[in-house]
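First up is the structure itself, then whatever we jot down about it.
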Amino acid sequence: MATFRFSLQKLLDMRIDKEEEAKLKLMEAQRLQMEAEANLNSLKEKYAKYNTIDTQLSVVEKKIKQNYMNALVNSINVAEEDCIKKSEMVDSCRNDLKAKQIERKTVELIKEKKYEDFRKEEDRKEQVQLDEFALYAYVRTTERG
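Following numbering that gives the first Met the number 0, the numbering of the sequence shown begins with 0 at its first residue and continues without gaps.
Structural data, given as structure tokens:
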């Protein structure tokens, strides 16, 4: 019995490799997004912690606290923009992965169809051979008979 050889196997292997690379990029983008969100949450917690009115502070301490709060607000704004960019990057990587999966699945469908055709042809050849054996057996028994 002949073995099945898919002529586009190298292409399929390349598409599988590209899909794996896209998965790794997506995982890295998701990791960066989670880090950015953790940073943003940390800054918001600091803001909530220090955003109290303390009447016991001196004027200099109030000024220092106000400068720190302004710096926190600016950092929060930058972190929010970073989160948006990271989210867009995750979406882009996810779309890229979907495209790579479609490309791989397309070639896999071709492979499956070719394999089915191969199996049908092998079954047909086997049936022809069995029919020939049956015919030879019939001819032998009728000649002797």
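Think of the CB as a built atom: it goes at the ideal place given N, C-alpha and C, for glycine as much as any other residue.
query: Buried or exposed: where does LYS61 fall if 16 or more other Cβ atoms within 10 Å of its Cβ makes it buried?; result: exposed
query: Use the C-beta contact count for LEU25: other C-beta atoms within 10 angstroms, 16 or more gives buried, fewer gives exposed.; result: buried
query: Could you pull out every unbroken alpha helix (DSSP H) segment of at least 4 residues lying fully inside the segment 2–80, listed in chain order?; result: 8–49
query: Any idea if LYS84 is buried or exposed, counting beta-carbon neighbours within 10 angstroms, 16 or more meaning buried?; result: exposed
query: Rounded to the nearest angstrom, what separates GLU102 and GLU79 at their Cα positions?; result: 35 Å
query: Quick check: does the Cβ of LYS22 come within less than 7 Å of any heavy atom belonging to the ligand FAD?; result: Among the components of this structure there are no ligands whatsoever, and the ligand FAD is therefore not found.
query: How about ASP81 and ALA35: do their beta carbons lie closer than 8 Å?; result: yes
query: To the nearest angstrom, how far is the alpha carbon of ASN94 from that of ASP12?; result: 21 Å
query: State yes or no: is the C-beta of LYS45 within less than 8 Å of the C-beta of LEU71?; result: yes
query: Tell me whether LEU134 is buried or exposed, calling it buried when 16 or more other Cβ atoms sit within 10 Å of its Cβ.; result: exposed
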